[in-house]
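Position one of the sequence shown corresponds to residue 200 (this note's numbering), numbered consecutively onward. See structure below.
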Amino acid sequence: MSFDRSIKIAPSILSADFANFGAEIAAIEAQGADWVHVDVMDGHFVPNLTFGPPAVAAFRRHVKTVMDVHLMIAPVDPYIDAFAQAGADILTAHVEAGPHIHRTLQAIRGAGMKAGVALNPGTPAGAVAHLLDLADLVCVMTVNPGFGGQKFIDMTDKVRSLRAMIGDRPVHIEIDGGVDSVTAPLVAQAGADVLVAGSAVFKGGSVDAPEVYGRNIRAIRAAAAGVYV
Ligand code: DX5
Ligand code: ZN
200 MSFDRSIKIA PSILSADFAN FGAEIAAIEA QGADWVHVDV MDGHFVPNLT FGPPAVAAFR
260 RHVKTVMDVH LMIAPVDPYI DAFAQAGADI LTAHVEAGPH IHRTLQAIRG AGMKAGVALN
320 PGTPAGAVAH LLDLADLVCV MTVNPGFGGQ KFIDMTDKVR SLRAMIGDRP VHIEIDGGVD
380 SVTAPLVAQA GADVLVAGSA VFKGGSVDAP EVYGRNIRAI RAAAAGVYV
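Spelled out as structure tokens, the structure:
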């Protein structure tokens with residue numbers, strides 16, 4: 200994985216058909232997804248439950264691009280090795296998930312993965328000021344995590360602050376929640392380069408009509424670039 204700040208679209212498979220993940224992953228990648236975003240929820244840090252390491256290992260067999268695993272769990276540290284074994288390329292933990300995020304990011308890199316740190320909407324940019332040399336990605340939540348299909352919360356100022364704080368460091372800014380072709384340009388202009396989108400990618404499509412995924416991905420990418428289709 201080389202670093203660049205071009206726009207990357209990362210569909211969240213939280214909006215895929217849960218009985219058909221292999222085909223869904225193949226379909227979004229064939230239709231232009233840059234990364235595959237996997238939302239892990241524990242029913243404790245967030246009020247919803249999704250996948251554990253065995254499911255993530257099964258997804259890995261289908262992911263040819265980058266598997267971007269977003270942990271919405273607490274605690275994180277006891278599960279880092281299991282997600283490394285499952286084949287996560289990037290493992291993101293929330294700054295709110297425990298008192299020792301600095302140690303967690305070191306442990307994620309120590310396990311051979313890229314390390315991400317996520318911020319809930321109520322958490323200021325400054326919470327990661329002392330973590331930027333330990334992180335490969337900062338994820339700015341633009342919804343309160345737990346569910347797909349929620350309304351975008353404008354965090355443009357936070358993105359702009361983070362972009363300035365990051366400077367020349369090779370750290371991605373990812374946006375997660377309510378990203379579509381209306382909201383993508385706001386965050387892209389503020390300095391984000393990875394756009395997670397669940398409902399806006401999967402809406403209207405299926406593995407039998409994957410061209411809809413392609414159309415949705417292209418619409419978000421074009422909007423982020425300031426081109427309206
Ligand atoms: C929210 C998740 C998101 C979610 C995005 O808790 O972290 O990745 O799936 O879904 P949309 O794009 O539908 O808001
Ligand atoms: Zn996510």
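Cβ atoms here follow ideal geometry from the backbone N, Cα and C, with glycine treated the same way.
Distance CB(residue i)-CB(residue j) smaller than 9 angstroms
i, j, result
"residue 294", "residue 318", "yes"
"residue 339", "residue 331", "no"
"residue 251", "residue 281", "yes"
"residue 431", "residue 399", "Only positions 200 to 428 of the chain appear in the structure, and residue 431 is not among them; the question remains open."
"residue 231", "residue 416", "yes"
"residue 211", "residue 413", "no"
"residue 279", "residue 306", "yes"
Continuous alpha helix (DSSP H) stretch holding residue i: start and end
i, result
"residue 347", "Where residue 347 is concerned, there is no enclosing alpha helix (DSSP H), given that its DSSP letter is neither H nor E."
"residue 410", "410–423"
Nearest-angstrom beta carbon gap, residue j and residue i [assumed within contact, 8 angstroms]
i, j, result
"residue 297", "residue 275", "6 angstroms"
"residue 272", "residue 239", "6 angstroms"
Endpoints, the beta strand (DSSP E) within which residue i is located
i, result
"residue 396", "393–396"
"residue 304", "Run containing residue 304: none in the beta strand (DSSP E); it sits in the alpha helix (DSSP H), 300–309."
"residue 373", "371–375"
Residues that residue i bridges to, as DSSP identifies them
i, result
"residue 238", "269"
"residue 318", "339"
"residue 382", "Beta-bridge pairing links residue 382 to no other residue."
Closer than 8 angstroms: residue i CB and nearest ligand 2 heavy atom
i, result
"residue 271", "yes"
"residue 407", "no"
"residue 280", "no"
"residue 335", "no"
"residue 210", "no"
"residue 395", "yes"
"residue 318", "no"
heavy atom of ligand 1 below 8 angstroms from residue i C-beta
i, result
"residue 236", "yes"
"residue 375", "yes"
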